[in-house]
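In order, the protein sequence lines correspond to chains Y and B.
Read left to right, the first sequence gives residues 1 to 202 (the numbering used here).
Read left to right, the second sequence gives residues 1001 to 1169 (the numbering used here).
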Amino acid sequence: MTVFNPNDNLNPYLSDPDVQLMLSFQQGDKAAFEALLRKYFPRLLNFIYRFVGTREIAEDITQEVFIKVYKSGSYYQPQSKFQTWVYTIAKNMSLNELRRNRKGMVSLDAPFDTGKNEMQRQMADTETLGPDQAMVQKEKVTAIRKAINSLPENQRLAVLLRRYDKFSYEQIAQTMGTSEKAVKSLLNRAKENLRTKLVKWV
Amino acid sequence: MNCESIKKLMPIYLEGELQPQESKEVKDHLASCLLCQKEISAFERSWDMLDEIADIEPAPDYVSRFWTELSLRTPWHEAILKNLSAGLSKRPLVPVLATTCIMIIVGFLSIQNYFNGRLSDEGLAHLNEGYFEMVANMELIEHYEIIEDIDFLVDLEVIENLDVLEGEA
Chain Y
1 MTVFNPNDNL NPYLSDPDVQ LMLSFQQGDK AAFEALLRKY FPRLLNFIYR
51 FVGTREIAED ITQEVFIKVY KSGSYYQPQS KFQTWVYTIA KNMSLNELRR
101 NRKGMVSLDA PFDTGKNEMQ RQMADTETLG PDQAMVQKEK VTAIRKAINS
151 LPENQRLAVL LRRYDKFSYE QIAQTMGTSE KAVKSLLNRA KENLRTKLVK
201 WV
Chain B
1001 MNCESIKKLM PIYLEGELQP QESKEVKDHL ASCLLCQKEI SAFERSWDML
1051 DEIADIEPAP DYVSRFWTEL SLRTPWHEAI LKNLSAGLSK RPLVPVLATT
1101 CIMIIVGFLS IQNYFNGRLS DEGLAHLNEG YFEMVANMEL IEHYEIIEDI
1151 DFLVDLEVIE NLDVLEGEA
C-alpha cells in the first residue's frame, strides 16, 4: 500500500519501500511493522552481536531497537532511508550498552559468547575437517573475533557495516553521523589493524 | 611512489576508491614489486577472512517474543486508547459512543440529584429543630413586653399576693 506518492513530494526517502512500510504502520497497519521486524531483526541481531560480543545482550538490544521503532510509529517522519535510521538506533543502543556495562562485556581474549554449541555452528564446514584441522579452524575464528573486538569502536562499526552489511561509504557516514572522508580513513586504519592482528593467519 | 607510500594506499586501492591516476601508479608498482604483492595479498586475505564468521540465527519464536514483550510494557490506558483508535479507523462506533455519553450524563445527573437530596434533608432537619424551639417560646415572645417591664424585686410581693389583691378588688 502506497501511503504517499513520491512524485507528489520532495522528500527523497519516500521512494524507499521500507519507509513506506513504516508510514503504513503509522496509519495503524501492524502487518507493515511485522514485515519490517522480520526483514531487519536477523540482520540487526548479527550486527549488534558482532559489535557487543554477547548473544544474550545482542538479543535484548535488538528487541529494544524494535520496541523503540514501534513506539516511534506515531511521530515518525522519514529523514533518511529506513535502514539507515534503524541501524543508527541499533548503533546508539549498542554504544550505550557497552559504556554502561563495560565490566560485563566479553574479554578480548575470550571467544564470543554465542550460546550452547554455537561455536561449532560459527565455523564454516567444520564437519568436513579432521580433529586437528577443526582445532586450527576454531583458533582462527577466535583470532578473527579477537581482532574485530580489539578495534576501536568507530573502526569496528565501520568494518561491520562495510563488510557484513554491505553499506556504501555514504550509508556508513549517515549511520555513524560523520563524513565519507572520515569513513574512508576509519576503514583504512581498521584494515591495517586487522592485517597486523591476523598476520599469523594470512 | 615508494613501497611505503604504496602500502598506505593499498586498503583504498582494494576498495576501488582511488583516483584513476593513483590507481594506475599502484598497479604499475605492484607489477614490479614482490614485497608489495605479498603485502597487498595479506591485506586482501585478512579482510576476506572476516567472512569465516558465520551469521547467527535469531530464536525461532523471535516475532511472538517481541509482541509478548511489547504487550507487557504497554500501559493499560495506552492499550485501551490504541484499541479504541484502531476500532474507530476500522468501523463507525458512533452508536456505541453516543450510548456511552448518555450513560455518563445520566449517571452524573443521578449522582448530583442524590447529593442535592441529602443536602435538602439536612437543611429541613435543621429548620424543624429551630421551628419547634420557636413555637415552644411563642408565649414568652408574645408577653415579652410585659415580662420586660416587671421589676422582680419590687413586684415579687404583688405577684405572690395576686390572688388576695384580686379578691379585694
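Each residue gets a CB set at the ideal place from its N, CA and C atoms; glycine is no exception.
Residue contact check for Y/K191 against chain B: a CB pair falls below 7 angstroms.
For the options Y/L186, Y/N101, Y/L45, Y/S80, the alpha carbon positioned closest to that of Y/P17 is the one of Y/S80.
Shown here for Y/L160: same chain residues with a beta carbon closer than 8 angstroms to its own, the five before and five after excluded, namely F47, R50, F51, I148 in chain order. Rounded to whole angstroms, the gap between the alpha carbons of Y/R163 and B/L1050 is 8 angstroms. Any Cβ of chain B closer than 7 angstroms to the Cβ of Y/V202 would place that residue at the interface, and such an atom is present. Those residues of the segment 1040-1051 of chain B placed with their C-beta closer than 7 angstroms to a C-beta in chain Y are A1042, F1043, R1045, S1046, W1047, M1049, L1050, ordered along the chain.
The three-state reading of DSSP puts B/I1053 in strand, counting E and B together. Within the same chain, Cβ atoms closer than 7 angstroms to the Cβ of Y/E59 are found at L45, the five residues on either side in sequence being excluded. Among the residues of chain B, those whose CB is under 9 angstroms from the CB of Y/F41 are P1058, Y1062, V1063, F1066, following chain order.
Under the Cβ criterion (8 angstroms, minimum of three pairs), the segment 92-103 of chain Y does not count as touching the segment 190-199 of chain Y.
Using a Cβ-Cβ cut-off of 8 angstroms, B/L1070 is close to I67, Y70 of chain Y, given in chain order. Pairing Y/Q27 with B/L1070, the inter-Cα distance amounts to about 19 angstroms. Around the beta-carbon of B/F1108, fewer than 16 other beta-carbon atoms lie within 10 Å, marking it exposed. Taking 7 angstroms as the threshold, the shortest C-beta distance from B/I1053 to chain Y falls below it.
Taken through DSSP and simplified to helix, strand or coil, Y/T54 comes out as strand. For the pair Y/I57 and B/S1032, the Cα-to-Cα distance works out to about 50 angstroms.
Secondary structure at Y/K81: coil, using DSSP grouped into helix, strand and coil. Taking C-alpha positions only, B/E1015 is separated from Y/E139 by approximately 28 angstroms. When C-alpha distances from Y/G177 are compared across Y/L14, Y/R145, Y/I67, Y/K91, the shortest belongs to Y/K91.
Cβ-Cβ separation between Y/K184 and B/I1012: approximately 7 angstroms, consistent with a contact (criterion under 8 angstroms).
Between Y/F41 and B/P1058, the CB-CB gap stays under 7 angstroms.
Residue nearest to Y/L186 within the set Y/V199, Y/R156, Y/K200 is Y/R156 (criterion: CA-CA distance). By the Cβ neighbour-count rule, Y/P78 is buried, with 16 or more other Cβ atoms within 10 Å of its own. In this structure, the beta-carbon distance from B/A1042 to Y/V69 does not fall below 7 angstroms. The beta-carbon of B/P1075 is placed no less than 7 angstroms from the nearest beta-carbon of chain Y.
At a cut-off of 7 angstroms between beta-carbon atoms, Y/Y87 makes no contact with chain B. For B/P1011, at least one C-beta of chain Y is nearer than 7 angstroms to its own C-beta.
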